[in-house]
Amino acid sequence: MIRSFADRDTQELFYSERSRRFSAVARVALRKLIQMNQSTILSDLAAPPGNDLEALTGRQTGFHSIRINEQWRIVFPWTESGPEMVAIVDYH
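Everything in the sequence shown is counted per the numbering used here, starting at 167 for the first residue and increasing by one.
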């Protein structure tokens with residue numbers, strides 16, 4: 167279960183199922199947020215190969231990401247209680 171969001175836009179998409187900022191990727195992003203919310207362990211997010219789950223390094227050590235598309239990722243740290251500070255991030 168998602169414990170918290172890092173920004174208002176990601177939270178708005180999750181709860182209202184729409185967001186102006188993410189309109190181009192809203193459908194896929196929402197599907198992945200729902201999957202994340204239903205996950206009980208981090209490896210649940212590795213199951214669909216398209217997620218491309220990866221552990222981040224450098225300044226984002228401790229965070230993971232899953233892919234929405236070539237440009238957008240969902241970034242989060244996984245804790246004992248699930249993902250926290252979930253954010254949709256433009257990687258380009």
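Ideal Cβ positions, reconstructed from N, Cα and C, are used throughout, including at glycine. This one's a predicted model, so the numbers in the text were calculated from it and none came from an experiment.
A distance of 8 Å or more separates the beta carbons of Arg-197 and Asp-218. Counting only runs of 3 or more residues that sit fully inside the region 194-248, the beta strand (DSSP E) segments are 229-233 and 238-245, in chain order.
For the pair Glu-183 and Ala-195, the Cα-to-Cα distance works out to about 10 Å. Here Ser-209 is exposed: its Cβ has fewer than 16 other Cβ atoms, across all protein chains shown, within 10 Å.
Around the beta carbon of Ile-207, a 10 Å sphere encloses fewer than 16 other beta carbons of the protein chains shown; the residue is thus reported as exposed. Under the three-state reduction of DSSP, Phe-188 is assigned to coil, being neither helix nor strand. Counting other Cβ atoms within 10 Å of its Cβ, Ser-231 reaches 16 or more and is therefore classed as buried. Per DSSP, Ala-172 has no beta-bridge partner at all. Going by DSSP, Val-255 is part of the beta strand (DSSP E) stretching over 253-256.
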